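Chain order of the listed sequences is W and B. Residue 25 is where the first sequence starts when you use this note's numbering, and the numbers rise one by one after that. Residue 1319 is where the second sequence starts when you use this note's numbering, and the numbers rise one by one after that. Accompanying notes for the structure given below.
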Amino acid sequence: MSDLYLSHVRKWFWKSPPAEWLMRGARDVLIGTLKQGPIPKHVAFEMDGNRRFAKNHKIETIEGHHLGFEALARVLEICYKCGVKVVTVYAFSIENFNRPRGEVKGLMAMAKVKLEQLVQHGELLDRYGACIRVLGERDLIPDDVLPFVDRAVEMTKHNKDAVLNICFPYTSRAEMTSAIKATIDEFTSPSQPSKPPFSQSRITQKIRSNYSKQTESLDSIRETSSDASARSDVDDSMSSTTALDPESPPLQAATAKHRRFPNAENITVDTINSHTYTAECPPLDIFIRTSNVTRLSDFMLWQCHENTHIFFLQCFWPEFDLWHFVPVLLEWQWRHKKMLEKESPRK
Amino acid sequence: MSFTAKDTKIYREDEKSGHSKLGAEEREELVKNYLPAPSSRQRSSSRVKKQDSYRFGIRRFLKAQFYTLLYLFIHAIFSLYIRIRVAYRAVSNRLVAILKHHYNSPEYIARDVATLKKLPEHLSIILTLENGGKGDALEKLVNEVSEVAAWCAAAGIPKLSVYEKTGILKRYMTQTHRSVCHRLKIWFGKHQAPPLALFARGAPAIRSHSRQGLDLILISEDDGREAMVDLTRVLTEMVQKDKITAEDITMDVLDNELSEAVMSEPDLLISFEPYVDLQGYPPWAIRLTEIHCAPDNQGVGYQLFLQALRKYAQATFKLGK
């Protein structure tokens, strides 16, 4: 009985205005302090544990997700106040469509309502200077949610201070597949990637035409001019004009293939990287997964590659707050310092 | 948002009622106190500028000094805490390692894992070449590989993949094979030793016997992103030569090719580093892999291996559900 009484008193104390005012002050001081050190540029959160939290607290699953959203709002505020440039959150996996239909529906309704509210408060959003991007398989977003997604993205496009990446229907393997496909598309479209400033064929053509004007003996050249249309030289940016020009003789016999592609050997890691969803973002510095699951679960596989510090935390996502984030940030800063120390004597 | 209790209550009630209680303006009113000040770009009047220059004075300076001091103080405390933590864990790990040593006996390890509900089919470990490969670093690395291979053989794990960033082991495959075989013979006896098959991408496999035994796969940084680049090149050439169309390329095709050429998805990954550092580990393969790493751990140890197996046995896999 006394235990229950004590917990009530404790609750009452923390909820009293002076205590709340103090806590807010303490948070601000802490954030201001941490800002003095190095700050990660890109942080990813895998928001896990909403349902287990709901189960432990005997509330409905969707309630857990709502509390998870509140946690997300908290985390975003902390991150942007600290100066993190890009925050990536895993909102919905493609595999999540396998969950009970009611839950998926509830989640989609939540996404819709939140995005709708977001759109209503456009000018307030600008104060954070954050732009929203939705990463993932666009085709899988339900039709009634899609317009809100597009509007939210459109409305915040001009903000440059910070980025919020929402991965919504996303899996990392799908991302890598689409990046590889886009790379292949890039290298199999017979384009002229860079027009050389000077065209060899144009020069030769000019010389030839000068020559032909001088001699005025066109007949011998005209015999071969029918071949001109078959010629296709990538280097030749004037090919259509030359083909139309009856005066122009062919430069070489057109034995080359009809299409010439960029060399596949030129594909590098950077090429594929430029086709991933996070191409414009700085490399991932911190990856945080809550609820004590130590797997990446198809999130940011490509990005976690190197120099990403992965943290698996015990707490459930709805509980996540500044007090969980500070140790992570402190440890990251500490390791950062150690790494710099290690590197400096070598130089 | 560090909402006050009163505002949180209002927000949650609105949420429960299906967002009918509060209109757009009321909601704006609710969050107004928590918003940051309008950004400086929007303020342009001279009055504001004057205020800014006033603020730049002593108060701001003192505040910056205060934050810097507090930062140094917090980091000093944290540094002390980490050092104590590392020392404590090192001592306790050492003690446990001595008390529960496996005495190089397969029976001992088999007894340790007998109580586990499930074992990984494919175990992966990340090892580091120390000092950039100088001195006896390579010898130490081979020694670690043989040690873990022996544990796996004793525990009954049929597949082990070893990630080492530089890929130096791939250059000494025959030597590695000989060394690991030698270790297995010491552990199991000359005739009971399980046969060893050694694989690496783009190199012929080395088998000691046609019988099924322990598969050891060597992987390095080249099998990560670079392998995916290589695959993309091959696919690009195939599309260019009209052997396949771009639409044929699906996740399934890539998965099949990468798991055949590099390796299949491991069930459990053990990092013997003080913190999780993938160092360029193949990104495709690590999708659902359980990652185990003991904070502040130093070096390859049997206790960590056993701990990881225990944790894997308890983990539940539900893939999105």
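Note that CB positions come from ideal geometry on N, CA and C, so glycine has one too. Keep in mind the model is a prediction, meaning the values are calculated, not measured.
**Asked** W:Pro342 and W:Ala95 look like a contact to me (Cβ under 8 angstroms); what is the Cβ gap, rounded to whole Å?
**Response** About 5 angstroms; that satisfies the 8 angstroms criterion.
**Prompt:** What separation, rounded to the nearest whole angstrom, lies between the Cα atoms of B:Glu1555 and B:Ser1582?
**Reply:** So the two alpha carbons sit approximately 25 angstroms from each other.
**Request:** Take B:Gly1617 as the anchor and find which of B:Ser1464, B:Tyr1406 and B:Glu1591 has the nearest alpha-carbon.
**Result:** Closest option to B:Gly1617, Cα to Cα, is B:Glu1591.
**Prompt:** Is W:Gln338 close to chain B, meaning its C-beta is less than 7 angstroms from at least one C-beta of that chain?
**Reply:** Not one chain B Cβ lies under 7 angstroms of W:Gln338.
**Message:** Going by DSSP in three states, W:Gln228 sits in which element: helix, strand or coil?
**Reply:** Correcting the residue identity first, residue 228 of chain W is Thr in this sequence and not Gln. If DSSP states are grouped into helix, strand and coil, W:Thr228 belongs with the helices.
**Asked** How would you write the range of the alpha helix (DSSP H) that W:Thr85 sits in, first residue to last?
**Response** Per DSSP, W:Thr85 belongs to the alpha helix (DSSP H) from Thr85 to Cys106.
**Request:** Check the Cβ of W:Lys366 against every Cβ in chain B and list those closer than 7 angstroms, keeping chain order.
**Result:** Simply none; closest approach about 12 angstroms.
**Message:** Can you confirm whether W:Ile334, when its beta carbon is compared against all beta carbons of chain B, has any partner nearer than 7 angstroms?
**Reply:** Yes, W:Ile334 counts as interfacial toward chain B.
**Asked** Where in the stretch 120 to 153 of chain W do unbroken runs of the alpha helix (DSSP H), each at least 4 residues long, occur, reported from the N-terminal end onward?
**Response** When DSSP assignments are scanned along the stretch 120 to 153 of chain W, the uninterrupted stretches of alpha helix (DSSP H) that are 4 or more residues long and fall wholly within it turn out to be 125 to 144 and 146 to 152.
**Alpha-carbon spacing of W:Cys339 relative to B:Lys1503, whole angstroms** = When rounded, the distance between both Cα atoms is 46 angstroms.
**Request:** Return the residues of the stretch 1556 to 1587 of chain B that lie within a Cβ-Cβ distance of less than 8 angstroms from chain W, sorted by chain order.
**Result:** The residues in question are Val1557, Gln1558, Ala1564, Ile1567, Thr1568, Met1569, Leu1572 and Asp1573.
**Message:** On the CB-based measure, 16 or more other CB atoms within 10 Å of its CB, does W:Trp356 come out buried or exposed?
**Reply:** Counting the other CB atoms within 10 Å of its CB gives W:Trp356 a total of 16 or more, which places it among the buried residues.
**Request:** Determine whether the Cβ of W:Trp326 lies closer than 7 angstroms to any Cβ atom of chain B.
**Result:** Yes, because at least one Cβ of chain B sits closer than 7 angstroms to the Cβ of W:Trp326.
**Request:** Enumerate in chain order the residues of its own chain whose CB-to-CB distance from W:Lys39 is below 7 angstroms, with the five nearest sequence positions on each side excluded.
**Result:** Annotation for W:Lys39: no residue places its beta carbon closer than 7 angstroms to its own, counting only its chain and skipping 5 residues before and after.
**Prompt:** Excluding the five sequence neighbours on either side, which residues of its own chain have a C-beta within less than 6 angstroms of the C-beta of B:Ser1464, listed in chain order?
**Reply:** Excluding positions up to five away in sequence, the list reads Ser1497, Val1498 and Arg1501.
**Item:** Residues of its chain near B:Phe1379, where Cβ-Cβ distance is below 6 angstroms and the 5 sequence neighbours each way are ignored
**Value:** None.
**Prompt:** Of the residues B:His1527, B:Thr1326 and B:Lys1350, which one's Cα is nearest the Cα of W:Arg151?
**Reply:** Nearest C-alpha to W:Arg151 among B:His1527, B:Thr1326 and B:Lys1350: B:Lys1350.
**Prompt:** Does the beta-carbon of W:Phe222 have 16 or more other beta-carbons within 10 angstroms, so that it is buried, or is it exposed?
**Reply:** Taking a 10 Å sphere around the C-beta of W:Phe222, we find fewer than 16 other C-beta atoms and assign the residue as exposed.
**Asked** For a contact meaning CB atoms closer than 7 angstroms, what does W:Gly88 contact in chain B?
**Response** Result: empty, since nearest Cβ-Cβ is about 13 angstroms, beyond 7 angstroms.
**Request:** Please classify W:Thr180: is it buried, with 16 or more other beta-carbons within 10 angstroms of its beta-carbon, or exposed?
**Result:** Under this definition W:Thr180 is a buried residue.
**Asked** Is W:Val113 closer than 7 angstroms to W:Ile227 when the C-beta atoms are compared?
**Response** No.
**Residue-chain proximity (B:Arg1605, chain W), Cβ-Cβ < 7 angstroms** = Yes, because at least one Cβ of chain W sits closer than 7 angstroms to the Cβ of B:Arg1605.
**Message:** Going by DSSP in three states, W:Asp257 sits in which element: helix, strand or coil?
**Reply:** Reliability fails at W:Asp257, whose pLDDT of 42 lies under 50, so the model's placement of it is uncertain and the value that follows must be treated cautiously. In this structure, W:Asp257 counts as coil in the three-state DSSP scheme.
**Asked** So, is the C-beta of B:Pro1592 closer than 7 angstroms to a C-beta in chain W?
**Response** Not an interface residue.
**Request:** Establish whether the CB of W:Gly92 and some CB of chain B are separated by less than 7 angstroms.
**Result:** By this cut-off, W:Gly92 is not an interface position.
**Request:** Would you decide whether W:Phe4 is buried or exposed? Buried here means 16 or more other CB atoms lie within 10 Å of its CB.
**Result:** Outside the displayed range of chain W (25 to 371) lies residue 4 of chain W, so it cannot be described from this structure.
**Request:** State yes or no: is the C-beta of W:Thr57 within less than 7 angstroms of the C-beta of B:Leu1388?
**Result:** Cβ distance < 7 angstroms, so W:Thr57 and B:Leu1388 count as in contact.
**Asked** DSSP beta-bridge partners for W:Thr112?
**Response** The bridge partners DSSP lists for W:Thr112 are W:Ala68 and W:Asn189.
**Message:** Going by DSSP, what residue range makes up the beta strand (DSSP E) through B:Arg1525?
**Reply:** Residues Ala1521 to Arg1525.
**Message:** Quick check on DSSP: helix, strand or coil for B:Arg1605?
**Reply:** Residue state, collapsed to three classes: coil.
**Request:** Give, in chain order, every residue of the stretch 49 to 64 of chain W whose Cβ lies closer than 8 angstroms to some Cβ of chain B.
**Result:** Shown in chain order are the members of the stretch 49 to 64 of chain W whose Cβ falls below 8 angstroms from a Cβ of chain B: Arg51, Val53, Gly56, Thr57, Leu58, Lys59, Gln60 and Gly61.
**Prompt:** Quick one: is B:Pro1601 near chain W, going by C-beta distance under 7 angstroms?
**Reply:** Yes, contact with chain W.
**Prompt:** In or out: B:Ser1335 buried (at least 16 other Cβ within 10 Å) or exposed?
**Reply:** It counts as exposed.
**Backbone CA spacing between B:Thr1589 and W:Leu325 [nearest angstrom]** = Checking the sequence, you will find Ser at residue 1589 of chain B rather than Thr. Taking the straight line joining both Cα atoms gives about 17 angstroms.
**Asked** Taking Cβ-Cβ distances shorter than 7 angstroms, what residues in chain W pair up with B:Ile1400?
**Response** Neighbours of B:Ile1400 on chain W, chain order: Trp358.
**Message:** Let me see if you follow: with CB-CB separation under 7 angstroms, is W:Val67 close to chain B or not?
**Reply:** Closer than 7 angstroms: no.
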